[in-house]
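Structure first, commentary second.
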Amino acid sequence: MIHIKRLQEDSADILALIGEIDASSSIELDLAIAKSVGEGATKILIDCSSLEYISSAGLGVFMSYIEEFKDKNIKMVLYGMNDKVANTFEILGLNELLDITKDKAQAKRMIQ
Amino acid sequence: MVGVITWLALLFTDISIVLSSTNNIKSDIPLWIPNVILNLFILTLYYYYKLKVEREDSLNFVDLLWRVFATGLVATVISLALKLVEFLIGSTKLTNHVVFVDLLYMINLGLMIGFLIMAFMAWKRLILYQKSKWLLRLWNFFEWGLLFSLIYNSFDFPFVEELYVTLLTFFVIIGLILSGNMKWVAYLNFRQKWTSLLLLLLTIFYLLYGLFTMSSLVESLSTKTANYTDYQFHIFILSIITFVTLYSIFSFLVILFNLPTSSVFEQKLEEVVNFQRISQSIQTEQSEESVYNILLETSVSTVFADAAWLEVKHPDQPSKLYTYKITDKEAYEIISHLNAQNVKGILDQGSDKTRNLSKHLAALRGSRFRSILAFPIYVKGENIGTLALLKELAESFNKEMTKIVSTFANQAGISIENFRLMEEALQNERYKEELKIAKNVQKSLLPDVLEQDKDFEIAAFSESADEVGGDYYDTLRTNDNEVSLIIADVSGKGTTAAFHMSQMKGIFHSLAQHCIQADEFMRRANQALVYCLERGSFISATFFIVNTLTKKIQYSRAGHCPVLYYHAADNSTEYFKDKGIALGMVRNKSYGSFIQAYEFEYKPNDIMVLYTDGITEAKNDKGEEFGYERLAEILSEVKSLSPKEIQEHLINKLYEFSGTKNINDDYTTMIVKFK
Numbered sequence: 006m007i008h009i010k011r012l013q014e015d016s017a018d019i020l021a022l023i024g025e026i027d028a029s030s031s032i033e034l035d036l037a038i039a040k041s042v043g044e045g046a047t048k049i050l051i052d053c054s055s056l057e058y059i060s061s062a063g064l065g066v067f068m069s070y071i072e073e074f075k076d077k078n079i080k081m082v083l084y085g086m087n088d089k090v091a092n093t094f095e096i097l098g099l100n101e102l103l104d105i106t107k108d109k110a111q112a113k114r115m116i117q
Numbered sequence: 029m030v031g032v033i034t035w036l037a038l039l040f041t042d043i044s045i046v047l048s049s050t051n052n053i054k055s056d057i058p059l060w061i062p063n064v065i066l067n068l069f070i071l072t073l074y075y076y077y078k079l080k081v082e083r084e085d086s087l088n089f090v091d092l093l094w095r096v097f098a099t100g101l102v103a104t105v106i107s108l109a110l111k112l113v114e115f116l117i118g119s120t121k122l123t124n125h126v127v128f129v130d131l132l133y134m135i136n137l138g139l140m141i142g143f144l145i146m147a148f149m150a151w152k153r154l155i156l157y158q159k160s161k162w163l164l165r166l167w168n169f170f171e172w173g174l175l176f177s178l179i180y181n182s183f184d185f186p187f188v189e190e191l192y193v194t195l196l197t198f199f200v201i202i203g204l205i206l207s208g209n210m211k212w213v214a215y216l217n218f219r220q221k222w223t224s225l226l227l228l229l230l231t232i233f234y235l236l237y238g239l240f241t242m243s244s245l246v247e248s249l250s251t252k253t254a255n256y257t258d259y260q261f262h263i264f265i266l267s268i269i270t271f272v273t274l275y276s277i278f279s280f281l282v283i284l285f286n287l288p289t290s291s292v293f294e295q296k297l298e299e300v301v302n303f304q305r306i307s308q309s310i311q312t313e314q315s316e317e318s319v320y321n322i323l324l325e326t327s328v329s330t331v332f333a334d335a336a337w338l339e340v341k342h343p344d345q346p347s348k349l350y351t352y353k354i355t356d357k358e359a360y361e362i363i364s365h366l367n368a369q370n371v372k373g374i375l376d377q378g379s380d381k382t383r384n385l386s387k388h389l390a391a392l393r394g395s396r397f398r399s400i401l402a403f404p405i406y407v408k409g410e411n412i413g414t415l416a417l418l419k420e421l422a423e424s425f426n427k428e429m430t431k432i433v434s435t436f437a438n439q440a441g442i443s444i445e446n447f448r449l450m451e452e453a454l455q456n457e458r459y460k461e462e463l464k465i466a467k468n469v470q471k472s473l474l475p476d477v478l479e480q481d482k483d484f485e486i487a488a489f490s491e492s493a494d495e496v497g498g499d500y501y502d503t504l505r506t507n508d509n510e511v512s513l514i515i516a517d518v519s520g521k522g523t524t525a526a527f528h529m530s531q532m533k534g535i536f537h538s539l540a541q542h543c544i545q546a547d548e549f550m551r552r553a554n555q556a557l558v559y560c561l562e563r564g565s566f567i568s569a570t571f572f573i574v575n576t577l578t579k580k581i582q583y584s585r586a587g588h589c590p591v592l593y594y595h596a597a598d599n600s601t602e603y604f605k606d607k608g609i610a611l612g613m614v615r616n617k618s619y620g621s622f623i624q625a626y627e628f629e630y631k632p633n634d635i636m637v638l639y640t641d642g643i644t645e646a647k648n649d650k651g652e653e654f655g656y657e658r659l660a661e662i663l664s665e666v667k668s669l670s671p672k673e674i675q676e677h678l679i680n681k682l683y684e685f686s687g688t689k690n691i692n693d694d695y696t697t698m699i700v701k702f703k
């Protein structure tokens with residue numbers, strides 16, 4: 006089960022992920038990101054501080070946007086993830102493809 | 029055959045009786061003889077007609093009445109012919125002779141008895157239609173009582189008038205009670221009722237004619253001789269005459285009074301049949317469409333509608349119209365008219381009640397219809413369509429009709445719902461079957477035998493969750509000194525995961541053959557997979573080349589779980605957390621920069637544990653994960669055992685930890701122990 010809160014701060018879309026992302030809830034994540042992009046957001050922050058678990062399907066969602074964001078010059082930064090979730094990203098090597106940082110302040114700096 | 033025998037019996041008895049009658053004057057033959065022969069004749073006829081009527085059990089009511097009528101007709105025609113002969117001969121000595129009169133009387137009596145018994149058997153069938161236990165008992169009592177009365181008549185018991193009257197009254201009363209059973213009348217339709225009336229009327233006429241003839245003959249006979257066989261004292265004959273006549277008259281009257289209501293009954297019967305058709309349509313019909321058509325047809329025929337349509341809503345298409353004697357154009361005119369009148373909740377799908385909309389229709393000029401009735405059709409509480417019935421007469425739908433059609437509409441809704449459920453169940457079954465096939469395919473992709481060597485031993489274990497998974501492991505010997513190993517995890521589940529897994533297997537077997545470097549293997553694998561992995565799918569894998577000559581292992585990790593390695597030399601375990609991203613994550617040449625090859629030397633008794641995340645992410649009932657530390661601890665517990673034993677121990681510990689064998693993920697491990 007995942008709950009996604011969306012708010013806007015300083016021209017950036019902030020998507021706060023609350024709960025767990027598995028194969029079925031990854032669809033919601035995909036829709037949320039697609040919606041932000043569709044509405045013209047060029048700066049997307051993903052707040053992972055309340056994300057407890059992410060499955061490979063959830064990682065696949067982030068992965069699938071990497072190239073599109075590069076082409077459209079959209080910046081996405083993930084921040085605040087706990088060790089376990091961070092480890093999942095690391096094992097797959099996604100930390101090398103995505104911008105992942107500690108907290109919101111740093112994340113904001115990265116998208117400026 | 030039976031007919032011939034009885035006819036002979038009839039002739040024989042006739043002649044005997046006539047002879048005895050003439051001989052009577054000389055008083056040579058005992059008086060009881062003719063009675064016995066008459067009773068034997070009655071019995072023969074009785075069994076003849078009993079068999080005849082019982083044999084033809086497929087006869088319907090009208091056919092039965094027809095048989096009775098035909099028997100009566102034959103009897104009457106013969107009797108009339110005899111009268112004609114008597115008339116032609118004129119009043120001579122012969123016609124006044126006692127033997128001639130007696131012969132006439134006997135022939136008439138025989139015909140009359142035949143007719144009566146035929147009618148008796150036919151009425152029996154009618155009365156016992158839809159019989160109860162009580163009715164059957166009463167009838168048997170009546171029938172056997174009548175037969176026993178023959179015995180009384182056979183012998184010349186002293187004539188007791190009181191007993192005779194009592195018995196006769198008794199039989200007449202039972203006959204009356206039995207005559208109350210007219211259930212069969214209800215099953216005749218209007219036409220059949222008219223036919224029956226005519227047949228019964230003629231039957232009654234024959235009966236009356238027969239009685240009249242008989243009594244006139246008896247009268248003329250009684251003036252000439254005293255010793256003739258008088259049917260008027262025969263209980264059986266009298267009882268049966270009374271019974272047959274009574275029942276004929278009753279039936280006639282009952283049918284007559286039922287005539288006006290027969291159309292109602294017929295309609296009810298048709299409703300029942302229609303209702304059955306709708307209910308059965310679910311089992312036999314091939315599509316929803318035929319259910320709609322049956323609903324339309326049955327509703328129209330039940331309320332005698334002049335026209336009707338059925339509007340069925342489809343989620344993504346314009347609604348579909350099934351019509352009866354009305355053009356689509358006309359129907360849409362009415363619909364748009366009603367919408368224009370702003371009648372709330374009507375033919376639009378929002379209607380939740382059956383409604384009589386006739387008053388709104390009155391305002392539509394140019395329409396031939398003056399009455400309209402609309403019914404919603406529900407499937408699982410969702411309105412899927414509207415049935416509209418039309419009549420040219422104003423105010424011509426009554427409450428009764430509304431109720432029935434509304435029941436039909438409900439039943440059709442249920443039929444369609446059942447139909448959809450069945451469809452769903454079938455789909456589900458197909459899906460399950462597909463999964464089963466995919467699971468078999470997946471199982472067959474895993475190797476049956478793993479490569480072994482004098483330098484190492486390998487054991488592996490893999491189990492997938494209920495759904496098909498995408499865990500893969502394999503080994504391949506490339507030359508005398510080199511063996512390649514792989515462990516991989518395809519993201520996602522189901523048939524696509526199994527499909528990607530088979531691609532991975534193909535890639536492994538073709539690329540590993542060429543003794544390429546481990547990182548080159550990953551680069552080429554990524555290149556190959558880019559074309560078949562859909563957006564968001566990837567494969568994590570670790571690829572090893574074990575060289576037994578140099579005692580070195582080269583490997584490359586593409587986003588797969590870090591290798592757990594036990595160093596026998598210093599009795600320590602470690603995870604190889606190297607760089608490397610999963611296959612398919614970067615879909616261009618730059619992937620090469622994210623992947624690297626590593627190399628290390630192995631020593632005897634070293635252990636390498638390869639696994640998928642199904643093991644480390646397995647949870648216990650507290651929600652804790654199995655984790656990396658636990659895995660390392662378990663390995664050090666059993667480091668001295670064989671790979672197979674280590675594997676078994678690890679899986680047992682995993683089950684123990686999660687408290688079940690049904691772990692909700694695929695979990696795979698491959699253990700390599702060096703010598």
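Line order of the protein sequences matches chains A and B. In terms of my numbering, the first sequence opens at residue 6 and continues consecutively. In terms of my numbering, the second sequence opens at residue 29 and continues consecutively. Backbone N, C-alpha and C define an ideal beta-carbon position, used for all residues, glycine too. Since we're looking at a predicted model, the values are computed, not measured.
Cβ-Cβ separation, residue j to residue i (assumed contact under 8 Å), whole Å
i                 : j                 : result
Asp-344 (chain B) : Asp-517 (chain B) : Contact doesn't hold; Cβ gap of about 38 Å is too wide.
Ala-21 (chain A)  : Ser-60 (chain A)  : Actually they do not touch by this definition, with Cβ atoms about 19 Å apart.
Glu-510 (chain B) : Val-574 (chain B) : 7 Å
Leu-156 (chain B) : Trp-167 (chain B) : 6 Å
Gly-85 (chain A)  : Cys-53 (chain A)  : 5 Å
Ile-19 (chain A)  : Gln-13 (chain A)  : 7 Å
Ser-399 (chain B) : Ala-422 (chain B) : 6 Å
Ile-486 (chain B) : Pro-671 (chain B) : 6 Å
Ala-646 (chain B) : Tyr-593 (chain B) : Between Tyr-593 (chain B) and Ala-646 (chain B) the Cβ distance is about 21 Å, and since that is not below 8 Å, they are no contact.
Contact check, residue i vs residue j, beta carbons under 8 Å
i                 : j                 : result
Leu-513 (chain B) : Phe-604 (chain B) : no
Leu-561 (chain B) : Gly-612 (chain B) : yes
Ala-335 (chain B) : Lys-353 (chain B) : yes
Val-81 (chain B)  : Thr-223 (chain B) : no
Asp-499 (chain B) : Lys-533 (chain B) : no
Leu-235 (chain B) : Phe-97 (chain B)  : no
Asn-633 (chain B) : Phe-685 (chain B) : no
Phe-403 (chain B) : Ser-291 (chain B) : no
Ser-691 (chain B) : Val-637 (chain B) : The sequence shown places Ile at residue 691 (chain B), rather than the Ser named in the question. Not in contact: Ile-691 (chain B) and Val-637 (chain B) (Cβ atoms no closer than 8 Å).
Residues sharing a beta bridge with residue i, DSSP
i                 : result
Pro-475 (chain B) : In DSSP, Pro-475 (chain B) forms no bridge with anything.
Gln-582 (chain B) : B:Ile-573 and B:Glu-627
Leu-349 (chain B) : B:Glu-339
His-595 (chain B) : B:Ser-600
Thr-697 (chain B) : B:Phe-489 and B:Tyr-639
Val-518 (chain B) : B:Ile-567
Asn-411 (chain B) : B:Tyr-406
Ser-399 (chain B) : B:Lys-419
Glu-25 (chain A)  : A:Tyr-58
Gln-13 (chain A)  : A:Asp-18
Asp-499 (chain B) : B:Asp-517
Thr-106 (chain A) : A:Tyr-84
Nearest to residue i (by Cα), restricted to the options the options
i                 : options                                       : result
Ile-442 (chain B) : B:Leu-110, B:Thr-506, B:Glu-316 and B:Thr-524 : B:Glu-316
Leu-323 (chain B) : B:Ala-553, B:Asn-456 and B:Asn-438            : B:Asn-438
Lys-80 (chain A)  : A:Tyr-70, A:Leu-64 and A:Lys-89               : A:Tyr-70
Leu-99 (chain A)  : B:Thr-644, B:Tyr-630, B:Gly-564 and B:Asp-598 : B:Gly-564
Asn-648 (chain B) : B:Phe-628, B:Phe-240, B:Ile-362 and B:Leu-682 : B:Leu-682
Thr-99 (chain B)  : B:Val-129, B:Leu-139 and B:His-595            : B:Leu-139
Ser-530 (chain B) : B:Tyr-350, B:Ser-472, B:Ala-493 and B:Val-213 : B:Ser-472
Output needed in chain order: residues of the segment 31–54 of chain A with a Cβ under 9 Å from some Cβ in chain B. So the close ones are Ser-31 and Asp-35.
By the 9 Å beta-carbon criterion, what residues does the segment 600–617 of chain B contribute toward chain A? So the close ones are Lys-605, Lys-607, Gly-608, Ile-609, Ala-610, Gly-612, Met-613, Val-614, Arg-615 and Asn-616.
- Item | Residues of the segment 543–568 of chain B with Cβ closer than 8 Å to any Cβ of chain A, in chain order | Cβ contacts with chain A: Arg-563, Gly-564, Ser-565, Phe-566 and Ser-568.
Residues in the segment 432–444 of chain B having any Cβ partner in chain A nearer than 7 Å:
Contact annotation: in the segment 432–444 of chain B, no residue has its CB less than 7 Å from a CB in chain A.
ask   = Using Cβ-Cβ distances below 8 Å, what residues of the segment 500–534 of chain B are close to chain A?
value = So the close ones are Asp-517, Ser-519, Gly-520 and Lys-521.
Discussion item. What are the residues in the segment 568–600 of chain B lying within 9 Å of chain A by C-beta distance?
Written reply: Flagged, chain order: Ser-568, Arg-585, Ala-586, Gly-587, His-588, Cys-589 and Pro-590.
query = For the segment 621–642 of chain B, which residues have a beta carbon sitting closer than 7 Å to at least one beta carbon of chain A?
reply = Of all residues in the segment 621–642 of chain B, Phe-622 have a Cβ within less than 7 Å of some Cβ in chain A.
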